[in-house]
Each structure stands twice: as C-alpha cells, then as structure tokens.
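Numbering (the working numbering), first residue to last: 3 to 322.
Even for Gly, the Cβ is constructed at its ideal location relative to N, Cα and C.
Right, one structure below, let's go through it.
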Amino acid sequence: MSEPVLQLRHLSVDYPTRAGVVRGADDINLTVYRGEVLGLVGESGCGKSTTGAAIMRLLRPPGKIAGGEIIFDGQNLMELSAEEMRRLRGARLSMIFQDPLTCLNPLQRVSDHIVETIQTHRPEVSEKDARKQAAELLDRLGIRAERLDDYPHQLSGGMRQRVMIGLALALNVDLIIADEPTTSLDVIVEAQFLDQLRDLQRQFNLTIILITHNIGVVAELADRVAVMYAGKLMELADVRLLFDDPLHPYTRGLLGSVPNINLTDDNLQIMGGSPPDLINPPSGCKFHPRCPRAIERCQVEEPSFKEVRPEHWSACWLYE
Ligand SMILES: Nc1ncnc2c1ncn2[C@@H]1O[C@H](COP(=O)(O)OP(=O)(O)OP(=O)(O)O)[C@@H](O)[C@H]1O
Ligand SMILES: [Mg+2]
3 MSEPVLQLRH
13 LSVDYPTRAG
23 VVRGADDINL
33 TVYRGEVLGL
43 VGESGCGKST
53 TGAAIMRLLR
63 PPGKIAGGEI
73 IFDGQNLMEL
83 SAEEMRRLRG
93 ARLSMIFQDP
103 LTCLNPLQRV
113 SDHIVETIQT
123 HRPEVSEKDA
133 RKQAAELLDR
143 LGIRAERLDD
153 YPHQLSGGMR
163 QRVMIGLALA
173 LNVDLIIADE
183 PTTSLDVIVE
193 AQFLDQLRDL
203 QRQFNLTIIL
213 ITHNIGVVAE
223 LADRVAVMYA
233 GKLMELADVR
243 LLFDDPLHPY
253 TRGLLGSVPN
263 INLTDDNLQI
273 MGGSPPDLIN
283 PPSGCKFHPR
293 CPRAIERCQV
303 EEPSFKEVRP
313 EHWSACWLYE
C-alpha cells in the first residue's frame, strides 16, 4: 500500500447533553492511504459524520474530542491551534457535504469562488491566470464556460457538487472527506456525478473518505470499506473481500438489507431491531442484542478491533 495520509488512533468523541453523554465515536483506529477511496458505512446515528467532522475538527456543538490522536501527514491535529487548523482546512483538507449550497457563498459567482480559492492559497498567481485555471478546471468538470458567471443557486445540485470537487482540486488537497455527497441528487445525476468523481479520483490520485449509508455507492467507488456501529468500527477490508466474505454479523446484516448484492445464503442475514441509544449503550459488544450469533461472552466483554485475516479487520468474538 502507499503512504498513510491519515491515522486515527483511539479517537473518541463525546456530545455532553442534558440527558447524558453521547459517545458518538468510540476508540476509532484507522489508517487512510494516499490515493484510496475509503467508504465509511453504517446505519443512521452510528457515528460516520461524527468521525468525519472530528478529523476536520469541525464537530457540531456540544461535540468534543474526548481522546485519541488524529495524525495527518505526520502531525497530530489535536496539537494545532484553531488558527493553524483553519489554515490547514483551507489548504490541505476539504469537506464536502450533502448540500453544497450551505458552503458556497450565495453572492459569489462560481468562477469567483475558484479564483478566490486559488489566489488565497497561491497569492503569486495573477488574477488573469487564476481565471484561466478556473475555466479549465470547470471545463474538466463538465461545467461549460457560459456557466462561469452563474451564482450557486442557479446551478443544479450535481453541478454544485462538482464545483465543490473543483475547489478541492484547485487547492490540490491531500484529503477529501465527502459526507453523503450524493444524497440530495436524483439517481441519474448521482450516477453521472459518481462516474466523474471516479475519473477525477484516478486522474489526480485523490484520497477520499466517502461517508454514505448507500452500499451501492460504496460498491461503485470505494477501494476499502469501514463499517461502523454504535460509534465503533466493526469491520474493515478491501471492498471485494468485504462483499464476498463479510466477517462481522453486523456487516452481513447490513449487506443482507441491500437487494442487489449477491451474497450466498450462508452470508445473508436479516437484521431486526435498531441501533442502541448511545447514552446507555449495551454492555459488551454493542451489537450483541441484535446479533443472531451472540454468545454469552458478547454480553459482558467488548471485543477489540483487530486484524483477524491479512488486511481484514473485525471486532467480533467469533474470530478469537
Ligand atoms: N450535535 C449533537 N448533539 C448530540 N448528539 C449528537 C449530535 N450530533 C450527533 N449526535 C449523536 O451522535 C451519534 C452519531 O451521530 P452521527 O451524526 O455521527 O451519525 P451518522 O452515522 O452520521 O448518521 P446519519 O447516517 O444519520 O448521518 C448519534 O447517536 C447522534 O444522535
Ligand atoms: Mg451523518
């Protein structure tokens, strides 16, 4: 594998609320390598956005990092000041959300967004050259010259997402965290956007953490997949390996709920119930109340997340 861009070590996030402390991410250990697309999947409320936002140090209040390290390019982000973090976010890390309208200045034309981004980070580039680069970049993203002077609200959702990718490309960021980037798009536009994202990813060797509840999107784009449940990592493997031979009963349940994935009957499991309340999570393995294969030990002791086969990680007593 290539060099690590990001390493999460024992990362935990708490949301102190009136009802109690919600542990949104719990002891996450994960390495992201340059040039890979890492899919982060799991049911709603399992901690995907929390993990993504923690990396950017952009947690919504009252969220705070309760422990652990975020090593980005050899540096522990926990040690940076707010100002240093702001600079890093602009220049080397980029987050793409479900609705890019909230991130784009409504009063700024598309071309100006890109020109300003280029000039902020590379002041030596003249306005004329920055305009030329912006036009080339947008052309590459399939946004034609006549749209350059449009405002964000005049663009379709798919185009806005492409502008967000364009901003990340203009900066040549080291890591893109995309949180449900296609959820607001209709299926046709989603398919086009995913095609284009895949092309750009290959062309520019982009490193992307792709957060989604959509297993189909992961199948299409991800190189590796991390599965989360109740704030914990449950399984991590190459996408083919994960689909062909899922180890964790939760992963099997998750894949079993997707109609178009070919799983052998052995692997298919229908999952009942719903994720736990994270203020009072179950003892032991947090999945045990829903797990069809739970044994006594699962109720009392939490399994650690470990490499149970080469490059295949899981947190489950079945593989001890
Ligand atoms: N601002 C907040 N205040 C309190 N609790 C929060 C806050 N944001 C998230 N949580 C809790 O943290 C846990 C993880 O939520 P998170 O949003 O990370 O899940 P998710 O996997 O991104 O879900 P979804 O698929 O619905 O986007 C949930 O239990 C959620 O209720
Ligand atoms: Mg989310």
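Pairing F289 with P248 gives a Cβ-Cβ distance that is not under 9 Å. CA-to-CA, the gap between G255 and M273 works out to about 5 Å.
In this structure the segment 175-193 touches the segment 202-221; the number of beta carbon pairs closer than 8 Å is three or more. DSSP places H250 in the coil class of the three-state scheme, outside both helix and strand.
If you compare the alpha carbons of L243, M80 and H115 with that of A132, the shortest gap goes to H115. As the crow flies, the alpha-carbon of A193 is around 21 Å from that of H155. Apart from sequence neighbours up to five positions away, the residues of its chain that approach D28 with a beta-carbon distance below 7 Å are S14, G233 and K234, ordered along the chain. Residue range E129 to R142 is occupied by the alpha helix (DSSP H) that includes A132. Leaving aside the five residues that flank R111 on each side, the residues in its chain whose CB is nearer than 8 Å to its CB run, in chain order, L150, D151, D152 and Y153.
Its Cα nearest to that of I57, the residue L10 stands out among H314, G144, L10 and R142.
Judged by DSSP secondary structure, K288 falls outside any beta strand (DSSP E); it is assigned neither H nor E. In this structure, I213 has its CB closer than 8 Å to one or more heavy atoms of ligand 2. Contact between the segment 72-85 and the segment 39-49 is absent: fewer than 3 CB-CB pairs across the two stretches fall below 8 Å. Exclusion of the five residues before and after R146 leaves no residue of its chain whose Cβ lies closer than 6 Å to its Cβ. The segment 64-81 makes no contact with the segment 99-106, as fewer than three CB pairs between them are under 8 Å.
With 16 or more neighbouring CB atoms inside 10 Å of its own CB, Q203 falls in the buried class. Relative to ligand 2, the nearest heavy atom lies less than 8 Å away from the CB of D181.
Following the DSSP letters along the chain, one finds D29 in no alpha helix (DSSP H) but inside the beta strand (DSSP E) bounded by residues G22 to Y35.
By a beta-carbon distance limit of 8 Å, P277 does not contact Y321. Their separation comes to about 22 Å.
Apart from the 5 residues on each side of it in sequence, G70 sits with its Cβ closer than 6 Å to the Cβ of R11, H12, L13 and S14 in its chain, given in chain order. When C-alpha distances from M97 are compared across L157, E138 and I210, the shortest belongs to I210. Here the distance from the Cβ of S51 to the nearest heavy atom of ligand 2 is below 8 Å.
Cβ contact annotation for G54 (same chain, cutoff 6 Å, sequence separation greater than five): I179, D181 and I213, in chain order.
DSSP places R200 within a helical segment (H, G or I) once states are collapsed to three.
The residues L79 and M87, in chain order, have a CB closer than 7 Å to that of R59 in the same chain once the five nearest residues on each side in sequence are set aside.
Ranked by how close their Cα comes to the Cα of V39, the residues R311, A136 and E222 have E222 in first place. About 29 Å separates the Cβ atoms of G22 and I297, ruling out a contact at the 8 Å cut-off.
In this structure, DSSP gives G92 a helical state, which the three-state scheme calls helix. In the structure shown, F74 adopts extended strand secondary structure according to DSSP, grouped into three states.
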